[in-house]
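Chemist: Structure in structure tokens, see below.
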Amino acid sequence: MTARIGVVTFPGTLDDQDSLRAVRVAGAEPVSLWHRDKDLHQVDAVILAGGFSYGDYLRAGAISRFSPVMETVIEQAKAGMPVLGICNGFQILTEAHLLPGAMLRNNHLHFICRDQKLRVENTETAWTSDYSEGQEISVPLKNMDGRYTADDHTLDELEAEGRVAFRYVDVNPNGSLRDIAGISNAAGNVVGLMPHPEHAVEPLIGTGRTDGLGFFTSIIKKLVNA
Amino acid sequence: MPVARVVVDVMLKPEILDPQGQAVQRALPRLGFEGIADVRQGKRFELEIEGPVDEAALGRIHEMAETFLANTVIEDFTVKVEKAEESK
């Protein structure tokens, strides 16, 4: 069986092609999904790719959260379908309340673009099983609204349940609370993170490393063994 | 036909860091505006309403503000009706 992994394109999405390519490089069948289409075309998992959907005009991810495709994604995610939100995709997942908290403007107000070191804190999610706990990886980071925020109660709950999936190492690039770079939902099928693993799956581009490939090989193993 | 304006003001919750407001506040002394202890920046939506602004209409606007115009995880909002005017 070949896993079918969908990548949603909203108006303003930038990283859909890199995400589709990462899926193919990892060995699954990439499927393009259009934001106006409610149908997920029998995919086994969905990636919400990075970019600036609807220009982030109201808040990052706020308008795309109400796109027709999201009705189905929200329903299926609640039923257990794996969903990965990268950058703008993470913002959409918080706006859709599939993940707790919210994303705010970077504390220094600058757009940031750098290679970012992350520590993998949770390898139990659908998208992280190919990493080892505590492993440090380096993937590109590029965003304007990357400051993860939630109230103390939510943060304590995330920590207690091991749902902080990734933390920034060495430098916190945006003022994210408790150095949080990515989180998962309670079931572990929905994961969101600000940095971009899809830009680090081939040695010739990006960081020159393939540290991001584990996201895509993790989900393929999960789907094929399911 | 009477047209009313309803204003929805959205502000970051007090405990949320507002670096945009801080940047504005820091610029003020350079421009000669002294004595401003703090600035917070928000969003104002002006909604032109067709038809009466009755309880049902206000309920809908409140729902719109809560689900879409504001993200209540990080923001508070207020809804107020500005006086209805006769359109020409």
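Protein chains in written order, with this note's numbering: chain G, 1 to 226; chain F, 1001 to 1088. Just so it is clear, CB atoms sit at the ideal spot from N, CA and C, and this is done for glycine as well.
#1: How about Lys1013(F) and Asp1076(F): do their beta carbons lie closer than 7 Å?
#2: Does the CB of Ile1061(F) have a neighbour CB from chain G at under 7 Å?
#3: Counting only beta-carbon separations shorter than 7 Å, does Ile1074(F) have a partner in chain G?
#4: Which first and last residues belong to the beta strand (DSSP E) in which Arg1044(F) is found?
#5: How about Leu193(G) and Pro173(G): do their beta carbons lie closer than 7 Å?
#6: Please list the segments of the beta strand (DSSP E) lying wholly inside the stretch 17-41 of chain G, counting only runs of 3 or more residues, in order along the chain.
#7: I'd like to know if Gly12(G) contacts chain F, where contact means its C-beta is closer than 7 Å to some C-beta of that chain.
#8: In whole angstroms, what separates the C-alpha of Phe90(G) from that of Asn107(G)?
#9: Looking only at DSSP bridge pairs, what is Asn143(G) linked to?
#10: Who are Arg4(G)'s beta bridge partners in DSSP?
#11: Whose C-beta lies closer than 6 Å to the C-beta of Ala102(G) among residues of the same chain, with five residues either side of it excluded?
#12: For Glu1015(F), which three-state DSSP category applies?
#13: So is Lys1088(F) buried or exposed if we call it buried at 16+ other beta carbons inside 10 Å?
#14: Here's a check: name, in chain order, each residue in its chain whose Cβ is nearer than 8 Å to the Cβ of Val23(G), leaving out the five neighbours to either side.
#15: Indicate the three-state DSSP secondary structure (helix, strand or coil) for Gly85(G) in the structure shown.
#16: Strictly under 7 Å for the Cβ-Cβ distance: is Ala102(G) near chain F by that measure?
#17: With DSSP as the reference, please indicate the residues paired to Arg967(F) in a beta bridge.
#18: For Lys1016(F), go through chain G and note every residue whose CB falls closer than 8 Å to its CB, in chain order.
#19: Just to confirm, are Asp15(G) and Gly55(G) a CB contact at a threshold of 7 Å?
#20: Measure the alpha-carbon distance for Glu1048(F) versus Val1008(F) and round it to whole angstroms.
#21: What three-state label does DSSP hand Ser218(G) in the structure shown?
#22: Please classify Ile220(G) as buried or exposed, where buried requires at least 16 other C-beta atoms within 10 Å of its C-beta.
#23: Quick one: what does DSSP say Arg163(G) is sitting in, helix, strand or coil?
#24: Against chain F, which members of the stretch 13-28 of chain G pass a CB distance test of less than 8 Å?
Modeler: With the structure as the only source:
#1: Locating residue 1013(F) in the second sequence gives position 13, counting from the first residue. Locating residue 1076(F) in the second sequence gives position 76, counting from the first residue. Contact flag set, yes.
#2: Taking the first residue of the second sequence as 1, we reach residue 1061(F) at position 61. Ile1061(F) does not count as touching chain G.
#3: In the second sequence, counting from the first residue as 1, residue 1074(F) sits at position 74. So yes, Ile1074(F) belongs to the interface.
#4: Position 44 of the second sequence holds residue 1044(F). Run containing Arg1044(F): 1043-1050, per the beta strand (DSSP E) assignment.
#5: By 1-based counting over the first sequence, the position of residue 193(G) is 193. By 1-based counting over the first sequence, the position of residue 173(G) is 173. Contact: no.
#6: Fully enclosed beta strand (DSSP E) runs of 3 or longer: 29-34.
#7: Taking the first residue of the first sequence as position 1, residue 12(G) is located at position 12. Not an interface residue.
#8: Here the question's residue 90(G) lines up with position 90 in the first sequence. Here the question's residue 107(G) lines up with position 107 in the first sequence. Answer to the nearest angstrom: the Cα atoms are 18 Å apart.
#9: Here the question's residue 143(G) lines up with position 143 in the first sequence. Looking at the DSSP assignment, Asn143(G) forms a beta bridge with Ile112(G).
#10: Within the first sequence, numbered from 1, the residue matching residue 4(G) stands at position 4. According to DSSP, which records beta bridges pairwise, Arg4(G) is partnered with Glu29(G).
#11: Position 102 of the first sequence, counting from 1, holds the residue named residue 102(G). For Ala102(G), where only same-chain residues beyond five positions count, the Cβ hits under 6 Å are Thr94, Thr149.
#12: As a working mapping, residue 1015(F) is identified with position 15 in the second sequence. Looking at Glu1015(F) - three-state DSSP - the assignment turns out to be coil, as it is neither helix nor strand.
#13: On the second sequence, position 88 is the one that residue 1088(F) refers to. Only weak support is given to the placement of Lys1088(F): the predicted model assigns it a pLDDT of 45, under 50, and the value that follows is read from those uncertain coordinates. When all chains shown are included, Lys1088(F) counts as exposed.
#14: Looking up residue 23(G) in the first sequence gives position 23. Residues of the same chain with a CB within less than 8 Å of the CB of Val23(G), apart from the 5 flanking positions on each side, are Ile5, Val7, Glu29, Pro30, Ile47, Phe216 in chain order.
#15: Here residue 85(G) is taken as the residue at index 85 of the first sequence, counted from 1. Strand, per DSSP.
#16: One-based indexing of the first sequence puts residue 102(G) at position 102. At least one chain F Cβ lies under 7 Å of Ala102(G).
#17: Past the boundaries of the shown model lies residue 967(F); chain F is included only from 1001 to 1088, so the question cannot be answered.
#18: By one-based count along the second sequence, residue 1016(F) stands at place 16. Reading off the sequence, residue 1016(F) comes out as Ile, not Lys. Residues of chain G with a Cβ closer than 8 Å to the Cβ of Ile1016(F) are, in chain order, Leu104, Thr149.
#19: As a first step, residue 15(G) is located in the first sequence; it is residue number 15 there, counting from the start. As a first step, residue 55(G) is located in the first sequence; it is residue number 55 there, counting from the start. No, Cβ-Cβ distance for Asp15(G) and Gly55(G) is not below 7 Å.
#20: Here residue 1048(F) is taken as the residue at index 48 of the second sequence, counted from 1. Here residue 1008(F) is taken as the residue at index 8 of the second sequence, counted from 1. Those two C-alpha atoms are separated by around 11 Å.
#21: The count along the first sequence starts at 1 and reaches residue 218(G) at position 218. Of the three classes helix, strand and coil, the one that applies to Ser218(G) here is helix, per DSSP.
#22: Here the question's residue 220(G) lines up with position 220 in the first sequence. It is buried - the Cβ of Ile220(G) has at least 16 other Cβ atoms within 10 Å.
#23: The count along the first sequence starts at 1 and reaches residue 163(G) at position 163. Reduced to three states, the DSSP call for Arg163(G) is coil.
#24: Of all residues in the stretch 13-28 of chain G, none is placed with a Cβ closer than 8 Å to any Cβ belonging to chain F.
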